[in-house]
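Numbering (full-length UniProt numbering), first residue to last: 1 to 669. Glycine is no exception: its CB is placed at the ideal position from the N, C-alpha and C atoms. Since we're looking at a predicted model, the values are computed, not measured.
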């Protein structure tokens with residue numbers, strides 16, 4: 001299922017159309033001489049976009065269609081590159097004030113040259129668009145109509161699946177057995193390693209046991225490791241959960257942290273869940289922090305790999321618990337609960353087809369939940385369910401993992417195209433990352449994925465998109481609070497994450513550096529969105545000047561010079577303790593930058609003065625910013641500026657006086 005090509009193409013096309021419309025407005029009235037060419041290019045792209053919308057329903061586009069869609073994607077980006085560069089020149093021209101007759105003449109000549117260049121560029125782009133359109137005409141008969149859907153508020157069933165885990169089918173038995181194993185022998189530390197392939201519900205069951213036991217322990221921690229962990233961050237996270245007075249903030253080395261945790265836990269009863277371990281070496285480091293002679297203490301680990309489970313158990317004389325798939329009865333219960341609340345409410349004529357669909361799911365809860373998300377958006381009719389069954393049947397192979405990946409692909413295919421782009425964007429985040437809803441929506445807005453509507457603000461639309469992805473079980477809520485049980489954050493299941501990273505990298509939607517999934521870069525392709533993780537460093541051969549967003553995660557990633565990224569809209573640094581003041585030099589030249597986020601960047605002491613040039617920039621500073629200095633020029637900001645700072649800091653005068661201030665959260669004024 002190669003539909004990510006469509007998603008990536010439409011993800012590129014959306015912002016382009018808006019900018020072409022903007023060029024026809026009063027702000028660019030000096031371009032009226034080329035309005036005809038702009039309108040012609042717009043019409044050509046609208047025709048292409050309409051075909052892409054129809055193609056979005058194609059389950060498996062043929063090679064010619066895929067090649068054409070790839071060409072459309074790159075054309076869209078080329079158009080936008082030209083528009084962004086021109087708009088940046090217009091902005092710079094407006095901010096400059098000619099001094100005297102000579103400077104005034106030079107300024108007018110410069111504007112005349114710019115208009116000539118944009119006119120030629122638009123003419124060339126229109127020719128390219130017409131050529132692309134002509135090459136595709138022989139495929140137009142294959143276009144299918146797209147059914148529009150209305151986004152909904154979060155389905156309570158989706159929240160129940162993740163919030164009240166005891167209601168999940170097949171959980172009670174494993175939970176009871178694990179509790180029994182952990183209860184044996186209170187004289188030494190007990191460990192149980194849960195092992196099974198992805199999607200079986202290892203994390204769900206471990207969390208349910210943790211919730212059952214945590215009230216018995218003053219010292220407890222639950223965290224995920226993932227495939228490419230920063231072990232220092234992992235141990236810092238553990239220590240922070242165990243010792244609420246800890247404020248190291250990622251400044252210690254591994255040996256120091258291990259020693260601190262080991263000393264802290266001596267002669268204490270503790271409960272720790274270490275989720276999603278992939279390597280024996282990672283466990284060998286983590287286990288050094290846990291005393292083996294703490295009576296009544298309990299450790300739960302989860303892994304997909306038997307060798308890792310055996311290593312965990314050998315360290316503490318523990319037990320391996322092999323998690324099994326659901327049987328057919330349990331599979332039915334889960335599917336019917338998701339769709340009809342009970343088996344009795346399922347129409348009798350659908351039960352045989354339901355069994356055929358469930359046989360393809362091989363008892364994997366994630367696969368059943370994923371396919372239920374597809375069926376929930378279909379009418380309860382045999383022909384609709386047969387279409388879903390046949391789609392699965394064409395894609396499945398013998399492997400359960402392969403089956404699940406293809407079911408996820410089917411869920412992805414069932415999304416409206418705006419949601420495909422938003423889901424694909426989640427590939428920028430590291431595996432097992434907790435993604436804050438507010439941060440994610442602000443990124444979507446900054447990227448131009450959300451268009452204005454009269455009935456909703458862009459942020460409200462982002463919430464609708466976010467909730468719809470939860471309803472479809474493609475993202476999992478992780479933080480729920482407030483009177484209305486509002487979802488505050490989410491995570492992406494490993495298998496879904498693998499799927500969207502693979503699609504995003506293949507289609508040049510996102511370039512990921514620092515993890516195995518992102519190592520194969522085509523040096524001829526321009527980077528559009530860059531995610532630096534772990535010890536990632538930008539290869540010299542990579543073309544990054546056209547990137548729309550830069551995301552840097554972790555203490556070991558190499559901080560690139562922002563001057564390389566002239567077209568950035570979104571820039572985010574998280575857990576980058578190595579970020580220094582000079583790393584943001586040149587940020588004032590990023591005239592398209594809409595969203596800047598700095599989270600856990602304790603070495604950064606001041607924002608550069610030039611940031612005040614960016615009149616539409618939203619700044620989000622979160623955590624570990626104790627001595628941040630803000631330039632006095634902040635007082636002159638009058639446009640759409642939002643500052644979101646946590647940590648109980650008193651608002652500096654430079655911020656409090658900002659006329660366009662929109663957000664102040666977690667601060668005392």
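Distance from residue 550 to residue 571 at the Cβ level is roughly 5 angstroms; contact confirmed, criterion being Cβ atoms closer than 8 angstroms. Excluding its 5 nearest sequence neighbours in each direction, residue 434 has C-beta neighbours in its own chain below 7 angstroms: 478, 489 and 491, listed in chain order.
Counting C-beta pairs closer than 8 angstroms gives three or more between the stretch 195-203 and the stretch 299-312, which meets the contact rule.
At least 9 angstroms separates the beta-carbon of residue 583 from that of residue 606. Here residue 219 is bridged, per DSSP, to 270. Membership of residue 531 in the beta strand (DSSP E) is indicated by the continuous run 529-532. By the criterion of a C-beta distance shorter than 6 angstroms, residue 291 is surrounded in its chain by 265 and 266, once the five residues flanking it on both sides are discounted. Less than 9 angstroms separates the beta-carbon of residue 218 from that of residue 268. Membership of residue 320 in the beta strand (DSSP E) is indicated by the continuous run 319-322. The beta carbons of residue 577 and residue 602 sit closer together than 9 angstroms. Of 276, 480 and 552, the smallest CA-CA separation from residue 227 is found for 276.
441 is the residue among 273, 454 and 441 whose C-alpha sits nearest the C-alpha of residue 463. Between residue 326 and residue 296 the beta-carbon gap is near 33 angstroms, outside 8 angstroms, which marks them as no contact. Taking 9 angstroms as the cut-off, the Cβ atoms of residue 338 and residue 411 do not count as close. The secondary-structure analysis by DSSP pairs residue 476 across a beta bridge with 491.
A check of alpha carbon separations from residue 573 across 544, 534 and 546 identifies 534 as the nearest.
Fewer than three beta-carbon pairs drawn from the stretch 497-513 and the stretch 450-469 are found closer than 8 angstroms, and the two stretches are therefore not classed as touching. The straight-line gap separating the alpha-carbon atoms of residue 322 and residue 73 is approximately 45 angstroms. Note on residue 430: 16 or more other CB atoms within 10 angstroms of its CB, so buried under the neighbour-count rule. Within the DSSP bridge table, the entry for residue 481 names 486 as partners. Look at residue 256 here: in three-state DSSP terms it is helix.
Annotated three-state conformation of residue 358 is helix, per DSSP.
According to the DSSP assignment, residue 418 belongs to the alpha helix (DSSP H) that extends over 417-425. At the C-beta level, residue 271 and residue 238 stay beyond 9 angstroms of one another.
Cβ contact annotation for residue 476 (same chain, cutoff 8 angstroms, sequence separation greater than five): 162, 470, 490, 491, 492 and 493, in chain order.
Between residue 373 and residue 414, the CB-CB gap stays under 9 angstroms. Under DSSP, residue 606 forms a beta bridge with 629.
Judged by their CB atoms, residue 432 and residue 224 are nearer to each other than the 9 angstroms cut-off. Residue 318 and residue 294 have their C-alpha atoms roughly 14 angstroms apart. A direct Cα-to-Cα measurement between residue 45 and residue 131 gives close to 11 angstroms.
Of the residues 565, 575 and 563, the one whose Cα lies closest to the Cα of residue 555 is 575. By the 16-neighbour rule on beta-carbons within 10 angstroms, residue 381 is exposed.
For residue 525, the closest C-alpha among the options 255, 515, 545 and 589 is that of 545.
Selection 262, 119 and 439 evaluated against residue 38 yields 119 as nearest (Cα-Cα). The shortest CA-to-CA distance from residue 171 to any of 258, 324, 302 and 278 is the one to 324.
Under the DSSP assignment, residue 455 falls outside any beta strand (DSSP E); it carries neither an H nor an E label.
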